[in-house]
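Colleague: To start, I am sharing the structure in question, which I have written as structure tokens.
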């Protein structure tokens with residue numbers, strides 16, 4: 008049967024017949040989609056030849072009219088779309104007009120039916136997209152009445168009107184969003200100007216629908232179309248009409264329209280006023296904000312547990328919370344000053360105002376367990392705390408003090424003073440959700456296992472950097488409150504009330520992220536307490552996995568505070584010795600992190616390894632070299648290379664050449680001994696150099712030398728000569 012169809016299929020390529028055999032085309036397309044092997048390949052070949060034929064478009068109307076196969080109709084539209092994109096301007100005018108009229112008539116016929124199946128809706132949308140491709144080439148020169156035609160026909164049938172809204176939205180996107188690279192700049196600008204000049208008729212149609220229609224699907228389509236327009240329409244249509252009033256008072260509280268209305272309000276909130284904008288625009292923004300918050304107060308009562316509501320909600324509920332986050336972060340960022348001023352002018356403070364409600368909503372949404380939603384909130388918080396930090400007097404580092412102490416200067420700190428309760432809650436949220444830094448190697452995977460991280464997640468690193476910057480600003484604004492929250496959370500780890508790997512990780516990553524943000528004495532007191540409690544927690548908890556998590560956090564925290572380590576030798580020595588202990592811990596990732604922390608500390612505190620510290624008989628580097636074999640005996644070759652590079656940093660700080668050369672000689676004695684042994688054996692039996700294990704040893708020795716040379720630099724030259 009399939010072979011017979013393929014034999015007949017050649018008739019599809021004969022264009023001397025007046026009509027196409029539509030049923031034969033349906034059969035061939037069915038073979039292409041459902042056939043296998045050679046049959047499918049031949050069907051595909053025939054269809055490709057048909058599509059590439061310059062006369063193929065003349066068969067499109069018959070296929071769209073008579074085919075019973077949806078795939079065949081899509082195939083016909085592909086042929087038509089290819090014609091429009093490649094040869095439209097070469098067609099005679101009467102043929103262009105004929106194609107245009109046929110497509111419009113088909114769209115009107117299909118879209119006038121209010122009871123379309125899902126397949127028919129998808130097909131109609133494809134036809135809409137093809138029509139828009141024609142409009143881009145015809146309007147306004149060859150189709151000057153397009154806008155008036157589409158507006159006029161919209162008043163005759165609600166189903167047709169709904170589809171016309173879809174067409175207008177698609178055209179708007181093509182002209183204002185996707186025009187780059189698809190049409191010349193001159194053409195794009197001309198179409199934009201034409202759209203703007205004829206927009207009044209479209210806007211009046213939208214207004215008429217929003218004011219009078221009770222058809223839910225039509226109103227929703229109109230709001231979605233309006234959403235696309237808000238990006239570019241002249242600002243007067245937004246601020247000098249009743250549009251904002253309709254959105255906030257009529258549609259926001261209606262469930263089917265809630266999300267698209269919030270998205271419209273977000274676009275409006277993001278509008279930047281021109282310099283000559285009337286002052287009434289600012290008042291309109293304030294009314295938009297207050298009315299929206301009034302509606303939200305009813306829709307989402309302030310006592311609602313938003314993270315729980317999000318977790319238990321439907322897709323639409325979750326989209327609503329996400330859209331609310333976008334709206335609040337946009338309007339508070341774009342129009343912060345006028346909204347603050349309006350609230351303080353009416354009430355004298357921010358507490359109890361729409362602004363207060365908005366901030367508490369945004370803080371609650373920041374706790375939602377969805378990273379994309381959190382990023383929306385974080386972007387706003389990062390901007391806000393940076394703005395607050397830059398305001399006088401805190402812009403001067405000499406005046407950067409505990410914000411609470413400065414409350415007596417309310418006149419100069421008016422904005423920051425009103426933000427204090429929100430910032431305190433924000434600190435707790437950021438600390439509880441701190442992202443993983445790139446230095447951390449031991450993490451909990453999706454299966455709840457503690458493993459070594461092998462692939463760096465660039466999104467996670469970017470998130471961490473933004474969160475770190477936000478928390479550093481928050482610490483500068485009130486270091487005492489940051490310290491208080493971290494201390495409480497650490498106590499809740501040690502007493503078990505909030506113990507979990509995730510909670511401990513986030514807390515320690517947050518503690519590490521504020522390195523340098525505290526005054527030196529405060530940092531000393533705080534860090535000693537943190538390390539003491541973490542070491543106590545390590546002793547308290549049982550199980551290798553628990554200890555591995557705690558150990559990785561201890562290593563991370565101490566590695567982030569080189570200023571403290573440089574100022575406290577005994578603590579530095581204790582930390583290094585603890586790292587050497589961790590180098591014998593076989594749990595996955597712990598040894599890697601111990602080596603990475605050691606190299607970080609050795610690099611930043613190198614001088615302290617080569618001088619005789621108070622209460623010591625010799626430099627610490629001497630102790631390390633004396634115990635070298637014991638320290639590295641459980642490390643892998645790659646970890647040994649990191650260790651050697653770390654010790655190299657310490658040795659490079661020794662200014663006396665004779666002493667430095669001696670240290671290098673002792674550091675390299677182990678690999679040199681192995682090297683000499685292999686070379687000696689090779690002088691009597693060169694075949695030994697073909698042994699895989701011997702070659703591996705030699706390569707490993709060279710890598711060890713390379714690692715040490717990288718950190719020691721030019722003074723390593725005598726060691727290189729030994730190898731040569």
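Numbering (our numbering), first residue to last: 8 to 731. Built from N, CA and C at the ideal position, the CB exists for glycine as well. Predicted model only: the values in this text are computed from it and were never measured.
Tell me, please, which residues DSSP counts as bridged to residue 2.
Modeller: It is not possible to answer for residue 2, since the shown part of the chain is limited to 8 through 731.
Colleague: Is residue 675 helix, strand or coil by DSSP?
Modeller: coil
Colleague: Going by DSSP in three states, residue 247 sits in which element: helix, strand or coil?
Modeller: Note: residue 247 maps to coil in three-state DSSP.
Colleague: Using DSSP with H/G/I as helix, E/B as strand and the rest coil, what is residue 417?
Modeller: In this prediction, residue 417 has a pLDDT of 45, which is less than 50 and means its spatial position is unreliable; what the coordinates show is noted afterwards. DSSP places residue 417 in coil when its eight states are reduced to three.
Colleague: Could you give the DSSP three-state label for residue 451: helix, strand or coil?
Modeller: strand
Colleague: Is it the case that the segment 607-619 contacts the segment 657-672, given that we only count it when at least three CB pairs across the two stretches are under 8 angstroms?
Modeller: yes
Colleague: Using a Cβ-Cβ cut-off of 6 angstroms (strictly less than) and excluding sequence neighbours within five positions of residue 644, which residues of its own chain qualify?
Modeller: 707
Colleague: Should residue 6 go down as buried or exposed, given a rule of 16 or more other Cβ atoms within 10 Å for buried?
Modeller: Examination of residue 6 is not possible in this model, given that the chain is present from 8 through 731 alone.
Colleague: When we look at the beta-carbon of residue 232 and count the other beta-carbons within 10 Å, is it buried (16 or more) or exposed?
Modeller: With 16 or more other Cβ atoms inside 10 Å of its own Cβ, residue 232 counts as buried.
Colleague: Expressed to the nearest angstrom, what Euclidean distance is found between the alpha-carbon atoms of residue 588 and residue 653?
Modeller: 16 angstroms
Colleague: Roughly how many whole angstroms lie between the Cα atoms of residue 432 and residue 361?
Modeller: 18 angstroms
Colleague: Leaving out five residues before and five after residue 435 in sequence, what residues of the same chain have Cβ atoms less than 7 angstroms from its Cβ?
Modeller: 492
Colleague: Can you list, in chain order, the residues of its chain whose CB lies under 8 angstroms from that of residue 547, leaving out five sequence neighbours each side?
Modeller: So the list reads 501, once near-sequence residues are dropped.
Colleague: With distances taken from CA atoms, which of 159, 497, 142, 663 is nearest residue 195?
Modeller: 142
Colleague: Judging by CA-CA distance, which residue of 22, 240, 331 is the nearest neighbour of residue 268?
Modeller: Looking at the Cα atoms, 331 is the closest of the given residues.
Colleague: If I follow the unbroken alpha helix (DSSP H) through residue 30, where does it start and stop?
Modeller: 29-41
Colleague: Among 323, 279, 275, 528, which residue has its Cα nearest to the Cα of residue 265?
Modeller: 323
Colleague: Buried or exposed: where does residue 40 fall if 16 or more other Cβ atoms within 10 Å of its Cβ makes it buried?
Modeller: exposed
Colleague: How about residue 299 and residue 337: are their beta carbons less than 8 angstroms apart?
Modeller: no
Colleague: Taking Cβ positions, are residue 564 and residue 515 nearer each other than 8 angstroms?
Modeller: yes
Colleague: Residue 46 and residue 13 - do their beta-carbons sit closer together than 8 angstroms?
Modeller: Cβ atoms of residue 13 and residue 46: closer than 8 angstroms.
Colleague: Does the Cβ of residue 647 have 16 or more other Cβ atoms within 10 Å, making it buried, or fewer, making it exposed?
Modeller: buried
Colleague: Would you report the Cα separation of residue 22 and residue 240, rounded to the nearest angstrom?
Modeller: 48 angstroms
Colleague: When burial is assigned at 16 or more other CB atoms within 10 Å of the CB, is residue 640 buried or exposed?
Modeller: So residue 640 ends up on the exposed side.
Colleague: With three or more C-beta pairs closer than 8 angstroms as the rule, is the segment 373-382 touching the segment 306-320?
Modeller: yes
Colleague: So the alpha helix (DSSP H) residue 543 belongs to, where does it begin and stop?
Modeller: 527-547
Colleague: Within the segment 147-183, note down every full alpha helix (DSSP H) run reaching 4 residues or more, in order along the chain.
Modeller: Fully enclosed alpha helix (DSSP H) runs of 4 or longer: 153-161, 165-183.
Colleague: For the alpha helix (DSSP H) containing residue 49, list its first residue and its last residue.
Modeller: Per DSSP, residue 49 belongs to the alpha helix (DSSP H) from 44-59.
Colleague: Quick check on the burial criterion: 16 or more other C-beta atoms within 10 angstroms. Buried or exposed for residue 285?
Modeller: exposed
Colleague: Count the CB pairs spanning the segment 79-86 and the segment 129-136 that are closer than 8 angstroms, and state whether there are at least three.
Modeller: yes
Colleague: Which same chain residues end up closer than 7 angstroms to residue 402 when comparing Cβ atoms and leaving out the 5 residues on each side of it in sequence?
Modeller: Because residue 402 sits at a pLDDT of 44, beneath the cut-off of 50, its placement in the model cannot be relied upon, and the following sentence gives the value as read from the coordinates. Counting only Cβ-Cβ distances below 7 angstroms, and skipping sequence neighbours, we find nothing.
Colleague: So what's residue 523 in DSSP terms, helix, strand or just coil?
Modeller: coil
Colleague: Please identify the residue among 226, 552, 719, 220 whose C-alpha is closest to the C-alpha of residue 172.
Modeller: 226
Colleague: When the Cα atoms are used, what is the spatial distance from residue 121 to residue 150?
Modeller: 28 angstroms
Colleague: If you count every other CB in all the chains shown that lies within 10 Å of the CB of residue 203, and 16 or more means buried, which is it?
Modeller: Answer is exposed; the Cβ neighbour count stays below 16.
Colleague: Looking at the structure shown, is residue 716 part of a helix, part of a strand, or coil, going by DSSP?
Modeller: Reduced to three states, the DSSP call for residue 716 is helix.
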